[in-house]
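Worksheet for the structure shown next.
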Amino acid sequence: MEKGLDRTITAIGLMSGTSLDGIDAALLTTDGVTIQSTGASLTVDYDAGLRGRLREILGCRDRNDRIYSIERELTLAHRDVVLRLLDKAGLGARDVGVVGFHGQTVMHAPEEGLTWQIGDGKLLAAECGIDVVYDFRSADMAEGGEGAPFAPVYHRALARGLERPLAVLNVGGVANVTWIGDDDSLLAFDTGPGNALIDDWVMRRTGVSSDIDGRLARAGRVDEAALGALMDNDYFDRQPPKSLDRNAFDINELSEYSDKDGAAILTAFTAESVARAAAFFPAPALRWLVTGGGRLNLALMAELSRRLTAPVQQVEEAGWDGDALEAQAFAYLAVRSLAGLPLSFPATTGTGAPTPGGRLEKRYG
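Using our numbering, you'd call the opening residue of the sequence shown number 33 and step up by one each time.
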């Protein structure tokens, strides 16, 4: 049985995912093992300028003056979100023990042992007046892990009391699944694309940032030959744990299709890759709980329900908050980091052993 801190801490978690839609922030009180309570949360969209600048540096591998400038801008945007959350909750900086700051993923190449999330933890700590834990993934990569996904240990803590085996599917830019067994065992991995390809397609074709409610996809038709060609990728046959970069797949293969048919094919691609992933579970999931922005896409939820053999529900059906869940996870991970507890495991990232992680920046240096 894990032992957490000798007290509970109120923490703020910050998550800005590969969808590049904005920043999620949430309050959580925990000792790093059990969840005492969840608190206020909010989501703040990136302004178009920052979103565009982040898109321009995706895939970059080298720091330069432009990266530093964008990193500072990103960090100050996170500061503003922290201050807004504190105001919403009626709290001051002194009421919060730590901020878990994920940062923005610029590049993820696990096959090369590389991952990069920009975000200045020292600047954020100084600006907010709260200790900050950041750089969650480097220790895992150093131990041979994939560096993702990192929310499974939080999913398990949330799922206490729910019927197992349970699958928790997070559909962000990339989709990942956490399988939780009867004995609290975990298996986790990226299933394939999430929202990123759909968003990129819709942005390119219509100038809108996402397929709201799946309307475009619902008006289109899935070409099974095109879907089969997309699924003809070695990644889907690899044993987990495994993880993907946001840009691992190419929407240019669908250039001949109409706006609505391309959206339909890409939505089916996300769902079919999830269905393929289920074959790796030690035992079939009795239920799928879906979090992340993808749970709001009606076309995607319908495709998941059609292709999976167990009920598919939004996490709200279990009493969870799908808008806040990933941010809550990094609040939880920050407290675990303070307690020296593992953040990742051989069956979640492929690391050689349960691995602690995160770097601490004190609020006053």
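Here a beta-carbon is modelled for each residue, glycine too, at the ideal position from N, C-alpha and C. All values reported here derive from a predicted model rather than from experimental measurement.
{"Item": "Give the DSSP-derived three-state secondary structure of residue 360 in the structure shown.", "Value": "helix"}
{"Item": "Taking residue 46 as part of the alpha helix (DSSP H), name the residues at either end of that continuous run.", "Value": "That residue, residue 46, is in no alpha helix (DSSP H); its beta strand (DSSP E) goes 41 to 48."}
{"Item": "Using 10 angstroms around the beta-carbon of residue 167, count the other beta-carbons present and answer buried if the total reaches 16, otherwise exposed.", "Value": "buried"}
{"Item": "Using 8 Å as the threshold, is the stretch 169 to 184 in touch with the stretch 271 to 283, meaning 3 or more CB pairs across them?", "Value": "yes"}
{"Item": "Kindly examine the ligand NAP and report whether one of its heavy atoms sits closer than 6 Å to the Cβ of residue 63.", "Value": "Here there are no bound small molecules, and the ligand NAP is not part of this structure."}
{"Item": "Among 146, 111 and 149, which one has its Cα closest to the Cα of residue 157?", "Value": "111"}
{"Item": "Within 8 Å, do at least three Cβ pairs link the stretch 190 to 199 to the stretch 158 to 177?", "Value": "no"}
{"Item": "From the DSSP output, read off the bridge partner residues of residue 139.", "Value": "148"}
{"Item": "Decide if residue 68 is buried, meaning its Cβ has at least 16 other Cβ atoms within 10 Å, or exposed.", "Value": "exposed"}
{"Item": "Mapping the DSSP letters down to three states, classify residue 84 as helix, strand or coil.", "Value": "helix"}
{"Item": "Taking just the CA atoms, how far does residue 140 sit from residue 408?", "Value": "Outside the shown range of the chain (33 to 397) lies residue 408, about which nothing can therefore be said."}
{"Item": "Name the one or two DSSP bridge partners that residue 335 has.", "Value": "DSSP output for residue 335 lists no bridge partner at all."}
{"Item": "Which term fits residue 338, buried or exposed, when burial requires 16 or more other beta carbons within 10 angstroms of its beta carbon?", "Value": "exposed"}
{"Item": "What did DSSP end up calling residue 55 once you bin it into helix, strand or coil?", "Value": "strand"}
{"Item": "So who's on the other strand from residue 133, going by DSSP bridges?", "Value": "46 and 166"}
{"Item": "Taking 7 Å as the threshold (C-beta atoms), are residue 36 and residue 71 in contact?", "Value": "no"}
{"Item": "Sorted by chain position, which residues of the same chain lie with C-beta nearer than 7 Å to residue 234's C-beta, five sequence neighbours on each side aside?", "Value": "240, 242, 243, 248 and 295"}
{"Item": "Considering only the beta carbon of each residue, do residue 401 and residue 254 sit closer than 7 Å?", "Value": "What is shown of the chain runs 33 to 397, which leaves residue 401 out entirely."}
{"Item": "So, using beta-carbon positions, are residue 44 and residue 59 closer together than 7 Å?", "Value": "yes"}
{"Item": "In angstroms, rounded to a whole number, what distance separates the CA positions of residue 211 and residue 238?", "Value": "36 Å"}
{"Item": "What do you get for residue 335, buried or exposed, if any count of 16 or more other CB atoms within 10 angstroms of its CB means buried?", "Value": "buried"}
{"Item": "Quick check: the stretch 310 to 320 against the stretch 280 to 295, are there 3 or more CB pairs under 8 Å?", "Value": "no"}
{"Item": "Tell me the DSSP bridge mates of residue 221?", "Value": "209"}
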